[in-house]
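Heads up: the sequence lines are chains A and B, in that order. Letter 73 of the first sequence, counting from 1, is numbered 72 in numbering that gives the first Met the number 0, and no numbers are missing. Letter 128 of the second sequence, counting from 1, is numbered 127 in numbering that gives the first Met the number 0, and no numbers are missing. The beta carbon of each residue, even a glycine, is placed where N, CA and C say it ideally should be. Predicted model, so just to flag it, every value in this text is computed and none were measured. Take a look at the structure set out below.
Protein chains: 2
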Amino acid sequence: MTTTRVINLAGEISDFALNDRGLAYGDGVFETLLVHAGGPVWWSEHWQRLLHGAEVLKIPAPNEAIVRNACHALLEKHTDCILKIILTRGSGGRAYAAPHNPEPKIIISVHPAPTRIREPVTLRWCDTKLARQPLLAGIKHLNRLEQVMARNEWQDETIFDGLMCDTENKVVCSTSANLFVKIQGQWLTTVIDAAGIAGIARAWVLKQWPQAQEAHLSRFQIEQAEAIFICNAVRGILAVKRLGDAEFPADQDIRDLQSRLALEQPAFAMGESRGS
Amino acid sequence: MTTTRVINLAGEISDFALNDRGLAYGDGVFETLLVHAGGPVWWSEHWQRLLHGAEVLKIPAPNEAIVRNACHALLEKHTDCILKIILTRGSGGRAYAAPHNPEPKIIISVHPAPTRIREPVTLRWCDTKLARQPLLAGIKHLNRLEQVMARNEWQDETIFDGLMCDTENKVVCSTSANLFVKIQGQWLTTVIDAAGIAGIARAWVLKQWPQAQEAHLSRFQIEQAEAIFICNAVRGILAVKRLGDAEFPADQDIRDLQSRLALEQPAFAMGESRGS
Numbered sequence: 000m001t002t003t004r005v006i007n008l009a010g011e012i013s014d015f016a017l018n019d020r021g022l023a024y025g026d027g028v029f030e031t032l033l034v035h036a037g038g039p040v041w042w043s044e045h046w047q048r049l050l051h052g053a054e055v056l057k058i059p060a061p062n063e064a065i066v067r068n069a070c071h072a073l074l075e076k077h078t079d080c081i082l083k084i085i086l087t088r089g090s091g092g093r094a095y096a097a098p099h100n101p102e103p104k105i106i107i108s109v110h111p112a113p114t115r116i117r118e119p120v121t122l123r124w125c126d127t128k129l130a131r132q133p134l135l136a137g138i139k140h141l142n143r144l145e146q147v148m149a150r151n152e153w154q155d156e157t158i159f160d161g162l163m164c165d166t167e168n169k170v171v172c173s174t175s176a177n178l179f180v181k182i183q184g185q186w187l188t189t190v191i192d193a194a195g196i197a198g199i200a201r202a203w204v205l206k207q208w209p210q211a212q213e214a215h216l217s218r219f220q221i222e223q224a225e226a227i228f229i230c231n232a233v234r235g236i237l238a239v240k241r242l243g244d245a246e247f248p249a250d251q252d253i254r255d256l257q258s259r260l261a262l263e264q265p266a267f268a269m270g271e272s273r274g275s
Numbered sequence: 000m001t002t003t004r005v006i007n008l009a010g011e012i013s014d015f016a017l018n019d020r021g022l023a024y025g026d027g028v029f030e031t032l033l034v035h036a037g038g039p040v041w042w043s044e045h046w047q048r049l050l051h052g053a054e055v056l057k058i059p060a061p062n063e064a065i066v067r068n069a070c071h072a073l074l075e076k077h078t079d080c081i082l083k084i085i086l087t088r089g090s091g092g093r094a095y096a097a098p099h100n101p102e103p104k105i106i107i108s109v110h111p112a113p114t115r116i117r118e119p120v121t122l123r124w125c126d127t128k129l130a131r132q133p134l135l136a137g138i139k140h141l142n143r144l145e146q147v148m149a150r151n152e153w154q155d156e157t158i159f160d161g162l163m164c165d166t167e168n169k170v171v172c173s174t175s176a177n178l179f180v181k182i183q184g185q186w187l188t189t190v191i192d193a194a195g196i197a198g199i200a201r202a203w204v205l206k207q208w209p210q211a212q213e214a215h216l217s218r219f220q221i222e223q224a225e226a227i228f229i230c231n232a233v234r235g236i237l238a239v240k241r242l243g244d245a246e247f248p249a250d251q252d253i254r255d256l257q258s259r260l261a262l263e264q265p266a267f268a269m270g271e272s273r274g275s
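Shown next as C-alpha cells:
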C-alpha cells in the first residue's frame, strides 16, 4: 500500500533526489491535514497557507487541482488519517543560490491519526526560546529545529505540550499549537509577527470570536489567566487544565467553542470515538 | 558512477526514507569539505564540528572510521571535488518528538569543485537579517532558510557574496563564509554567539594570528575598515576589494596569510590551477 508519493509541478510521479534543497537547507514548506471520512479538513485554508509560504520563499506555486488529485489518490485506502504535504524548491542551484528554473517537488504522505484527546491537557514551559525572524514568522517552513529541541526537553507522557517564549520572553505558542488565554473576561491570542506559525485553527477561532484580540503576552500574564486553550488543525481545540504549577478550571467559553467546531467540522466531534 | 551514498551508524548502505527528520524539520547537521588530490582538507576539524553539532542536537554520534571509510569509497573516482556529509536523526518519533531509539542516517555525496578564485572579490550587504538563536549559533545545522533568502537577493554574478547582520544589526558573516576586518591595524572577526557558523577556516586564522580578536562589529565599522577578507573551508581566504560602495586596497597581511595557508594546505595554493 503506497503511503508516500513524490510528484513534480506537472503532477508526474517523481523520484526524490538526495540533493533536494528541502533536505539540504529546509528550503520548503509543509502542511499537516486531518483527514476525516475520506476528506481533508480545512483543505482550502491549508492550501492558502502553503501558497503564501511558497510566495514568501519564492518557490513556484503548485497547481491546486494537481496536488489535490494526487492527495485523493493516496487517500483512497485511508479515510481517517493525517495527510502531510511537503513542497520543496527541488534540486539544483549552486549552494544557497536557488536555481534559475527551479523544479519543485511535492511529497505527499499519509500517517496514522493520533488518538483523540477529549480531556483538558497539561502543559509545561519550554526552556528553548524561539528566535525572532519576522521574514519567516507565520509560515510553516521546514526549519523546525527549535520545535524539535523544545519538544525533546521532556519525556513525561502526561505532559501534552510545552509553551515557548521568544528570545525577548514574549509568549508565542506551544511546540505544535497556537494559544488563547482569557484575561479579565477577554480572550486573547499571541501576535505571530516575529516567531511561530499562524495556525489554521487559530484563524478559525478568530473568525468565530471577532471580540478576541491579538496581544503581546508575558509568561506571568498567561499563568494568571482565567482559562487557556491551545488549538491546531489536527487536534482542534484543547482546553488546558494545568501549566507548570498553575491550574485552570473548566471554562464554558471553551466548551461552547469546541461544540461549534464539532458542528462545523465533524472530525472534531467531542463525543464520538474516531478510529482510523 | 555512484556520487551519493546513504549509510546508517553501522556503516551499512541504507535507503533514505521520505519521512526522514532531516527533510521534515532540518533535524541534522552537515559538513562541506574540499577534496584535493584525493584527500579531504581539514577532515579532523570538520569531523569535530559535526560531532559538536550532533551533541547540541542530541543526535547519536557516528563512528569516525566508519564514515571516513564510506567517504573514501566514494572518493576513489573523484580526487578533486566537494564532499558533503549530512547527518540526520533519521526517521521516527511522533511529530517533533524525537524517537527514543533514533537511527541516524549519514548521506555522503560528491559534487564538482567550484572554480578557483584568485582575485579579490566584491561583496554586498544583504537585507535578510539573521535571527538570534544562541542555542544553535556556531553549528552547521540543516535550518538554512535565512542563508537561502539572503543569497537570492541578488543575481549579479560579479557579486561573490553578501554580508549579513543579525536582527540587532550586528554583523555576523556572509551567506557562506566568516569575516575578518582590519581596524586601526588590528584584525578582528565577528563573535559567533547568537547567529552564524563557527567556520573551520576562521578557526585556522585565529590559530595563526593569536593577536586577532573576536568583536561585535557594526556595518559602519566594517565599511570603515582598512582591509577585509572572508574565509571558508572550501574557498580558503578571499580578499575583498569592494563592499557596496566601499573599496579596499590590497593588503599584505592577507597575502601573507594566503601564502601560509597554501603552504599548509596545497589545496589552497594561489598560483596553481586546480582542475577537477
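7 Å Cβ cutoff, residue i in contact with chain B
i      : result
A/D26  : yes
A/R150 : yes
A/L17  : yes
A/I106 : yes
A/A130 : yes
A/L260 : no
A/A97  : yes
A/V147 : yes
A/T3   : yes
Selected residue, minimal CA-CA separation from residue i, among the options
i      : options                        : result
B/K206 : B/L256, B/R143, B/G89, B/I107  : B/L256
B/A261 : B/V40, B/R131, B/T174          : B/V40
B/H77  : B/P133, B/L32, B/A245          : B/L32
B/D250 : B/A238, B/A94, B/Q146, B/S258  : B/A238
A/P265 : A/G27, A/R143, A/H35           : A/H35
A/G10  : A/A96, A/P61, A/A211, A/A268   : A/P61
A/R117 : A/K240, A/E246, A/D244         : A/K240
A/I6   : A/A64, A/H45, A/K104           : A/K104
A/M269 : A/S217, A/P119, A/W186         : A/P119
A/G161 : A/I229, A/S13, A/G37           : A/I229
A/D252 : A/V233, A/E225, A/A214, A/E246 : A/E225
B/P209 : B/N151, B/T188, B/A64          : B/T188
B/S173 : B/G184, B/Q183, B/A197         : B/A197
B/A232 : B/E246, B/A97, B/N177, B/A194  : B/N177
B/Y24  : B/Y95, B/I65, B/N68            : B/Y95
A/T3   : A/V109, A/A130, A/A16          : A/V109
B/L82  : B/R93, B/R88, B/A69, B/R150    : B/A69
B/D244 : B/I158, B/H140, B/I58          : B/I158
8 Å contact criterion, which residue i and residue j should meet: CB distance rounded
i      : j      : result
A/S90  : A/D155 : Contact flag wrong, Cβ pair sits at about 41 Å.
A/L242 : A/L122 : 5 Å
A/I138 : A/H51  : 6 Å
B/E75  : B/L49  : Actually they are not in contact, since the Cβ atoms of B/E75 and B/L49 sit about 22 Å apart, beyond 8 Å.
Where residue i falls: helix, strand or coil (DSSP)
i      : result
A/R131 : coil
A/H77  : coil
A/E263 : helix
A/L205 : helix
B/V147 : helix
A/D160 : strand
B/Q154 : coil
B/L256 : helix
A/I191 : coil
B/Q185 : strand
B/I199 : helix
B/S275 : Low confidence applies to B/S275: its pLDDT is 37, below 50, so where it sits in the model is not reliable enough to give any reading.
Below-7 Å beta-carbon distance, residue i vs any chain A residue
i      : result
B/E54  : no
B/L22  : yes
B/N168 : no
B/R273 : Because B/R273 sits at a pLDDT of 43, beneath the cut-off of 50, its placement in the model cannot be relied upon, and the point is left open.
B/M0   : Because B/M0 sits at a pLDDT of 48, beneath the cut-off of 50, its placement in the model cannot be relied upon, and the following sentence gives the value as read from the coordinates. Not an interface residue.
B/R58  : In the sequence under discussion, the amino acid at residue 58 of chain B is Ile, which differs from the Arg named in the question. No, B/I58 lies away from the interface with chain A (no Cβ there is under 7 Å from its Cβ).
B/N142 : yes
B/A72  : no
B/T174 : yes
B/T114 : no
Contiguous beta strand (DSSP E) assignments of at least 3 residues, all confined to the segment 210–241 of chain A: Counting only unbroken stretches of 3 or more residues, the beta strand (DSSP E) elements lying wholly within the segment 210–241 of chain A are 212–214, 226–231, in sequence order.
Entirely enclosed alpha helix (DSSP H) segments - the segment 6–45 of chain A, minimum 4 residues: Counting whole runs of 4 or more residues, the segment 6–45 of chain A contains the alpha helix (DSSP H) stretches 20–24.
Any beta strand (DSSP E) of 3 or more consecutive residues that is wholly inside the segment 49–116 of chain B: Counting only unbroken stretches of 3 or more residues, the beta strand (DSSP E) elements lying wholly within the segment 49–116 of chain B are 80–87, 104–111, in sequence order.
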